[in-house]
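Worksheet: the structure to be examined is printed underneath.
Structural data, given as structure tokens:
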């Protein structure tokens, strides 16, 4: 089949705050073929900057937009996705933002291939790589932001328990901003609210920059509350500081990687940074295949792969296909503080089954359908003019 | 002084081809202060994608545009540039394209500080870092693209000799696309045209991807023509392949680094890739300070720093301030196949002095003035609407 349309859509809530809540807006990418099929993907990236990568005028042979690279191309088999990814990334060699923007399209291509072959994406990946194709359920951890005070955090944690979560991650907000005593109080509140049986994860939201000593001290101070990990204590690029931190063997494992915009960045923080958990956002790193390659690298390095997902369940679907077939990689970031936009985005959100686990959908492609009626009110049409040319007009949803 | 305006300008030639010629378009950034001063910088990046980073609506606290981060800020001393860079990069943590876009603004901030302090930028950098401040002249190497045939390359090389160049780099085009014999013929033609006294550099334009064996074989095959380096034989991200290549100690030194969009990427290809020359584009890596930090890293590692510049002499000025004070880093990439746009962009282009060398300008700031009259015909006004808001309208040049 031939690709006949590649359309990005910018959706957002009416009010946007500075809270580190990625569900306040989103960029969806829809790809249509002449076989009447359509695939969807979601980027965890700036919608406007990403749209520009779909329509920017050519600067030379190394700055060619994604729309031009994909339109009219053939898509019949999984290998075509790899070929098109190579083409897009080569044509966009000098566009720094190419991976963030392309992620949505790459995911949409896998959705399309799955629909054409009538197979779930995880199964196609297993066949391509000749690995076992049995999917395993995952333990969802509720991913929420810290409240401003220990009291509010405790209440949030109690609420998550009542909803049946057996694991929860608290992040950003006040962490790291008011000294050690306060930081410890935040973690204590989370642990006490969740109870001793649940898993608790702490996300420091890059707050200590390159200061690995403070990160080390906090990790050890948090150890009495037995968090599963301390996440992003340092900046994504501070690889030498990560190495210094992990070399000191803090009493809590270190997680990072959501800032990986390329496979190499993930490899760098694994191999040279020494992290214990690698967290990959399929909507940033260039889509499903580079995420899958990081999963494979994590397997070889004996560390744990986890998804980073703070968008809708369309992103969650894409994330899950990447590592559904690995029994040991059993944790799933599950956004639990969703906007109305992200909650209504797919028709088949992932439910938590009675055993407390989440399972990949046994349906073709990603396995979820975008609810275009529900999200239409959130569409903000974009229009871009360059000189006398209109280089982007909004397609209808 | 306070920053009162931050304006990007998209300029381009009327015709754009796929040739790897970065002078076909450009993005300039102008910053004005309430003291009546203005500074200028240039990005080597997609103009439209970069403009989007100056105006994208906020997604959350990690996606805030550059304009909002800079407008109204105080700029009085060199440390303010560092503070503002930290703010911009932190606010743009989740915008992959932040460095490409910010480079122009960062350079403009240095230009402003230099004008305010009435000092050239290289001198301010030397004072900040307490290093010696004597500038040294550089040997410009003409940077041109390979012709399609050995004959045309020979003619280009002869022409460069006649213009007085003592060094020239040939890149991209047919290199690596038609087998070893042809590749060798291209290099032979360049050498024969330049004569035996000139330095010749070969730029393979990432053509061998991750295939370090071919890169190794070509480097050795080219050795008889004594090139100063073989540049970018592999993809910017192929760090393990660079390591495999440099570990084999090819008979020609390996150069790379223009793809470094962050300081860490440059550090990675130096420390883990083992390159012999590190080539940094000040208009991509986030501006003058991260480039200067790479220069310092190169000094510590005993490898050679070289600018990557394929834009106007505004970029050349910014590039030169970064390493003017290092005697050993004596080569300067000097674009010699310029478009009319890039040729007319500054009022004081860098001339090659009678001794064949190029010197940094002993004037405040970058030392060159943008010729707004000359470039106005190349301006393509950009207009961006998001929903009912116009988020970008073109300021006048």
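Residue numbers (the working numbering), protein chains in the order written: chain A, 1 to 397; chain B, 1001 to 1397.
Built from N, CA and C at the ideal position, the CB exists for glycine as well.
Local Cβ density within 10 Å of residue i, reported as buried at 16 or more and exposed below that
i, result
"residue 132 of chain A", "exposed"
"residue 14 of chain A", "exposed"
"residue 354 of chain A", "exposed"
"residue 1181 of chain B", "exposed"
"residue 86 of chain A", "exposed"
"residue 1260 of chain B", "buried"
"residue 178 of chain A", "exposed"
"residue 1108 of chain B", "buried"
"residue 1167 of chain B", "buried"
"residue 351 of chain A", "exposed"
"residue 1099 of chain B", "buried"
"residue 226 of chain A", "exposed"
"residue 339 of chain A", "buried"
"residue 435 of chain A", "Chain A is shown from 1 up to 397; residue 435 of chain A falls before or after that span and cannot be answered."
"residue 163 of chain A", "exposed"
"residue 1121 of chain B", "buried"
"residue 1118 of chain B", "exposed"
"residue 393 of chain A", "exposed"
Any C-beta of chain A under 8 Å from that of residue i
i, result
"residue 1262 of chain B", "yes"
"residue 1067 of chain B", "no"
"residue 1179 of chain B", "no"
"residue 1006 of chain B", "no"
"residue 1018 of chain B", "yes"
"residue 1307 of chain B", "no"
"residue 1293 of chain B", "no"
"residue 1010 of chain B", "yes"
"residue 1237 of chain B", "yes"
"residue 1113 of chain B", "no"
"residue 1107 of chain B", "no"
CA-to-CA distance, residue j to residue i, given in whole angstroms
i, j, result
"residue 1223 of chain B", "residue 78 of chain A", "41 Å"
"residue 1144 of chain B", "residue 1280 of chain B", "17 Å"
"residue 1176 of chain B", "residue 1216 of chain B", "13 Å"
"residue 169 of chain A", "residue 115 of chain A", "34 Å"
"residue 68 of chain A", "residue 201 of chain A", "42 Å"
"residue 1204 of chain B", "residue 84 of chain A", "23 Å"
"residue 1311 of chain B", "residue 1347 of chain B", "15 Å"
"residue 161 of chain A", "residue 361 of chain A", "25 Å"
"residue 328 of chain A", "residue 254 of chain A", "18 Å"
"residue 62 of chain A", "residue 91 of chain A", "5 Å"
"residue 209 of chain A", "residue 395 of chain A", "41 Å"
"residue 363 of chain A", "residue 323 of chain A", "16 Å"
"residue 76 of chain A", "residue 111 of chain A", "12 Å"
"residue 1264 of chain B", "residue 1332 of chain B", "23 Å"
"residue 1159 of chain B", "residue 1384 of chain B", "44 Å"
"residue 1148 of chain B", "residue 1186 of chain B", "9 Å"
"residue 1307 of chain B", "residue 1334 of chain B", "9 Å"
"residue 358 of chain A", "residue 325 of chain A", "13 Å"
"residue 1330 of chain B", "residue 142 of chain A", "56 Å"
8 Å Cβ cutoff, residue i in contact with chain B
i, result
"residue 57 of chain A", "yes"
"residue 287 of chain A", "no"
"residue 268 of chain A", "yes"
"residue 100 of chain A", "yes"
"residue 60 of chain A", "yes"
"residue 63 of chain A", "yes"
Cβ-heavy atom distance, residue i to the ligand FMN, below 7 Å
i, result
"residue 214 of chain A", "Among the ligands in the structure shown, none appear at all, so the ligand FMN cannot be discussed."
task: Identify each residue in the region 367-392 of chain A for which the Cβ-Cβ distance to at least one residue of chain B is less than 8 Å, and report them in chain order.
output: So the list reads 380, 381, 382, 383, 384, 385, 386, 387, 391, given in the order they occur along the chain.
- prompt: Okay, do the region 1363-1380 of chain B and the region 366-380 of chain A touch, 3+ Cβ pairs below 8 Å being the bar?
  reply: A contact is defined here as three or more CB-CB pairs under 8 Å, and the region 1363-1380 of chain B fails this definition with respect to the region 366-380 of chain A.
query: On the three-pair Cβ rule with 8 Å, is the region 1120-1139 of chain B touching the region 126-141 of chain A?
result: Taking 8 Å as the limit for Cβ pairs, the verdict is that the region 126-141 of chain A does not touch the region 1120-1139 of chain B.
- prompt: So, do the region 53-68 of chain A and the region 1103-1115 of chain B have three or more beta carbon pairs nearer to each other than 8 Å?
  reply: No: the two stretches stay apart, fewer than three of their Cβ pairs being nearer than 8 Å.
- request: Please name the residues in the region 42-54 of chain A whose beta-carbon is closer than 9 Å to at least one beta-carbon of chain B, in chain order.
  value: Within the region 42-54 of chain A, 44, 45, 46, 47, 48, 49, 50, 51, 52, 53 place their CB atoms closer than 9 Å to a CB of chain B, listed in sequence order.
message: Check whether the region 1090-1100 of chain B and the region 37-53 of chain A touch, using three or more Cβ-Cβ pairs below 8 Å as the test.
response: Contact holds: three or more Cβ-Cβ distances are below 8 Å.
message: Any C-beta of chain B within less than 9 Å: which residues of the region 317-344 of chain A qualify?
response: Residues of the region 317-344 of chain A with a C-beta less than 9 Å from any C-beta of chain B: none at all.
message: Counting beta carbon pairs with one atom in the region 1021-1041 of chain B and one in the region 37-44 of chain A, are three or more of them shorter than 8 Å?
response: With the cut-off at 8 Å, the region 37-44 of chain A and the region 1021-1041 of chain B do not touch.
message: Counting only Cβ-Cβ distances shorter than 8 Å, please list the residues of the region 65-97 of chain A near chain B, keeping chain order.
response: Taking a C-beta cut-off of 8 Å against chain B, the contacting residues of the region 65-97 of chain A are 93, 94, 95, 96, 97, listed in chain order.
- prompt: Taking a cut of 8 Å between CB atoms, which residues from the region 1206-1218 of chain B lie near chain A?
  reply: Within the region 1206-1218 of chain B, the residues whose Cβ lies closer than 8 Å to some Cβ of chain A are 1206, listed in chain order.
message: Below 8 Å, how does it come out for the region 1114-1129 of chain B and the region 1331-1345 of chain B: are there three or more Cβ pairs, yes or no?
response: The answer is no - the region 1331-1345 of chain B does not touch the region 1114-1129 of chain B, with fewer than three Cβ pairs under 8 Å.
query: Which residues, in chain order, does the region 1143-1155 of chain B contribute to contact with chain A at a C-beta distance below 9 Å?
result: Here the close residues number zero.
- request: Determine which residues of the region 14-38 of chain A have a Cβ less than 8 Å from any Cβ of chain B, and write them out in chain order.
  value: Taking 8 Å as the Cβ-Cβ cut-off against chain B, the residues of the region 14-38 of chain A that qualify are 16, 17, 18, 19, 20, 21, 22, 24, 25.
query: Of the residues that make up the region 269-282 of chain A, which ones have a beta carbon closer than 8 Å to any beta carbon in chain B?
result: The region 269-282 of chain A vs chain B, Cβ under 8 Å: 272.
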